[in-house]
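So the protein sequences, as listed, match chains A and B.
Take 6 as the starting number for the first sequence in the working numbering and just add one per residue.
Take 6 as the starting number for the second sequence in the working numbering and just add one per residue.
Worksheet: one structure, shown below.
Protein chains: 2
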Amino acid sequence: MRHKPGAAVVLLSGGMDSATCLAIAASQGHACHTLAFDYGQRHRVELEMAARQAKAFGARVHRVIRVDLAALGGSALTGDGEVPRRDPGDRIPPTYVPARNAVFLSLGLGWAEVLGASDLFIGANQVDYSGYPDCRRAFLEAFERMANLATRAGTEGQPLRIRAPLLDMGKAAIIRRGMELGVDFKSTHTCYHPDAQGLACGLCPSCRLRLGGFAEAGLDDPLAYQRLS
Amino acid sequence: MRHKPGAAVVLLSGGMDSATCLAIAASQGHACHTLAFDYGQRHRVELEMAARQAKAFGARVHRVIRVDLAALGGSALTGDGEVPRRDPGDRIPPTYVPARNAVFLSLGLGWAEVLGASDLFIGANQVDYSGYPDCRRAFLEAFERMANLATRAGTEGQPLRIRAPLLDMGKAAIIRRGMELGVDFKSTHTCYHPDAQGLACGLCPSCRLRLGGFAEAGLDDPLAYQRLS
């Protein structure tokens with residue numbers, strides 16, 4: 006008998022990668038339970054986009070958990086320092102939120118245990134975001150080992166799998182896969198510097214990565230931009 | 006040259022164990038940064054006790070982070086089901102909050118990274134709480150490995166140590182050590198069923214463990230109880 010897909014928890018950020026990750030989880034037949042985080046991020050529209058993706062892919066339950074990461078300080082994305090307009094090169098960028106994926110995966114782990122879920126999906130990607138230590142395979146493998154020692158389910162023989170299907174994909178490949186599976190990329194948020202109307206800048210490192218991915222995939226980005234350079 | 010104690014993050018719950026853990030961290034010369042969690046627990050007095058302990062041991066900063074664990078469901082301590090009045094025996098008790106220590110340690114990890122802390126202390130104890138999977142050495146070791154792959158500091162060669170000095174101590178030993186180091190056990194919260202005035206019941210599993218520890222240590226519990234059986 007083949008493995009029957011069980012319930013899955015899918016972390017959603019409102020961005021392109023986690024939307025594609027959800028599409029993949031749903032395409033594998035998992036009963037998806039989506040989880041987004043209200044963590045003090047600057048761009049609240051991310052949460053609206055996450056809810057739209059959850060609805061589009063038929064999530065059984067979509068939940069938003071409040072966790073006050075901004076209280077820890079240390080990141081441009083939660084209010085400390087300026088969000089960069091240019092690429093920081095090889096260094097870990099200032100938009101890195103300390104231990105964010107460890108916190109989000111731990112909360113996903115808690116829900117997975119309550120649900121009896123078999124899989125916990127995260128849209129982590131180590132190709133285009135190699136500057137974030139918590140997006141690498143070694144981290145995710147260590148998290149999985151820890152997770153199965155942390156919980157009742159793991160210690161009683163129902164291990165949880167940490168799934169990162171986008172881990173080794175480039176941006177263009179993610180976009181192509183998402184398009185195949187019906188992701189509405191118009192309803193995904195990317196920009197670090199949207200204007201008052203929510204239009205993306207098209208110039209920040211995050212927008213450039215997105216636009217480069219669409220260009221490489223030979224596809225049009227359905228998003229409207231403040232200006233296209 | 007001997008190892009000079011660096012900054013430490015100390016998780017505080019308002020209970021006896023974490024208060025003693027803080028006393029130990031402070032006695033080792035660490036600059037202690039204490040972290041408590043507002044996670045939807047039933048007994049808000051825990052947070053007041055945590056703040057008292059932080060002040061008593063000269064914490065540099067005491068912070069309370071909101072994280073809505075109750076939204077995940079699954080525990081008697083955050084509102085699902087009844088908190089037991091008797092000991093559940095060998096099974097994992099219903100007061101277990103799914104993945105709680107993984108979530109709390111992950112948030113502590115985030116703050117430790119922002120502070121450049123060398124140590125993260127938790128009052129976990131595997132002797133008297135062996136029913137909680139996330140209080141065991143194997144879990145804490147796996148967490149430490151994961152933590153040092155999750156962060157900028159860990160990957161750049163400043164590993165964080167997860168410290169659980171109470172891990173193998175019985176309740177009586179914890180109480181004796183705490184007394185030696187000046188812990189005010191009157192300002193620690195234990196009871197699952199305090200009355201409207203905040204008086205402990207003296208009968209729930211948590212109170213029994215506490216009273217048994219004081220009895221074994223040959224010391225008087227300074228706490229007032231609803232009744233002493």
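Cβ atoms here follow ideal geometry from the backbone N, Cα and C, with glycine treated the same way.
All values derive from a computational prediction rather than experimental measurement.
Say whether chain B places a C-beta atom closer than 8 angstroms to the C-beta of residue i.
i, result
"Ala205(A)", "no"
"Leu154(A)", "yes"
"Ala169(A)", "no"
"Pro164(A)", "no"
"Leu17(A)", "no"
"Val66(A)", "no"
"Asp139(A)", "yes"
"Gly11(A)", "no"
"Gly45(A)", "no"
"Leu216(A)", "no"
"Ala143(A)", "yes"
"Arg157(A)", "yes"
Using DSSP with H/G/I as helix, E/B as strand and the rest coil, what is residue i?
i, result
"Arg49(B)", "coil"
"Arg68(A)", "strand"
"Ala76(B)", "helix"
"Asp225(B)", "coil"
"Ala104(B)", "coil"
Could you tell me whether the Cβ of residue i comes closer than 8 angstroms to any Cβ of chain A?
i, result
"Ala30(B)", "no"
"Arg71(B)", "yes"
"Asp124(B)", "no"
"Arg213(B)", "no"
"Ser111(B)", "yes"
"Glu51(B)", "no"
"Gly121(B)", "no"
"Ala76(B)", "yes"
"Asn106(B)", "yes"
"Thr160(B)", "yes"
"Pro210(B)", "no"
"Gly128(B)", "no"
"Arg182(B)", "no"
"Ala220(B)", "no"
"Ala147(B)", "yes"
"Gly115(B)", "yes"
"Met151(B)", "yes"
"Pro103(B)", "yes"
In whole angstroms, what is the alpha-carbon distance linking residue i and residue j?
i, j, result
"Tyr230(A)", "Arg166(A)", "38 angstroms"
"Ala117(B)", "Lys9(A)", "41 angstroms"
"Phe219(A)", "Ala177(A)", "6 angstroms"
"Thr156(B)", "Pro103(A)", "7 angstroms"
"Leu154(A)", "Gly187(A)", "37 angstroms"
"Ala75(B)", "Val50(A)", "24 angstroms"
"Gln46(B)", "Met54(A)", "30 angstroms"
"Met21(B)", "Ala41(B)", "14 angstroms"
"Thr149(B)", "Arg181(B)", "The amino acid at residue 149(B) is misidentified as Thr; the sequence shows Glu. Going from the Cα of Glu149(B) to the Cα of Arg181(B) covers about 28 angstroms."
"Arg213(B)", "Gly121(A)", "32 angstroms"
"Arg215(B)", "Ala222(B)", "11 angstroms"
"Val15(B)", "Leu27(B)", "6 angstroms"
"Phe17(B)", "Ala205(A)", "Before going further, note that residue 17(B) is Leu rather than Phe in the sequence given. Cα to Cα, the separation comes out at about 42 angstroms."
"Tyr137(B)", "Gly19(A)", "34 angstroms"
"Thr39(A)", "Ala30(A)", "11 angstroms"
"Leu77(A)", "Ala129(A)", "22 angstroms"
"Gly63(A)", "Cys37(A)", "8 angstroms"
"Leu125(B)", "Asp173(B)", "17 angstroms"
"Ala107(A)", "Val132(A)", "19 angstroms"
"Arg96(B)", "His198(A)", "Residue placement at Arg96(B) cannot be trusted, given a pLDDT of 49 that sits under 50; the coordinates are not used to answer."
"Leu145(A)", "Ser111(A)", "12 angstroms"
"Pro227(B)", "Ala201(B)", "19 angstroms"
"Gly115(B)", "Pro164(B)", "13 angstroms"
"Cys140(A)", "Ala152(B)", "13 angstroms"
"Gly11(B)", "Gln33(B)", "10 angstroms"
"Phe109(B)", "Leu208(B)", "28 angstroms"
Between residue i and residue j, which are expected to be in contact by the criterion C-beta below 8 angstroms, what is the C-beta distance as a whole number of angstroms?
i, j, result
"Asp43(A)", "Arg68(A)", "At roughly 11 angstroms, the Cβ-Cβ gap does not stay under 8 angstroms, so Asp43(A) and Arg68(A) are not in contact."
"Val211(B)", "Gln58(B)", "Looking at the sequence itself, residue 211(B) is Ser, so the reference to Val does not match. Not really, about 18 angstroms apart at Cβ, beyond 8 angstroms."
"Ala13(A)", "His35(A)", "4 angstroms"
"Ile127(B)", "Ala158(B)", "That pair is no contact at about 18 angstroms."
"Ala24(A)", "Gly203(A)", "The Cβ separation is near 17 angstroms, so there is no contact."
Distance cutoff 8 angstroms, beta carbons only. Does residue i sit that close to anything in chain D?
i, result
"Leu172(A)", "Annotation note: the requested chain D is absent from the structure, which comprises protein chains A and B."
In chain order, each alpha helix (DSSP H) run of at least 4 residues that lies wholly inside the stretch 120 to 208 of chain B: The stretch 120 to 208 of chain B contains these whole alpha helix (DSSP H) runs: 142 to 155, 157 to 160 and 176 to 185.
In chain order, each beta strand (DSSP E) run of at least 3 residues that lies wholly inside the stretch 16 to 61 of chain A: Correct list: 36 to 43.
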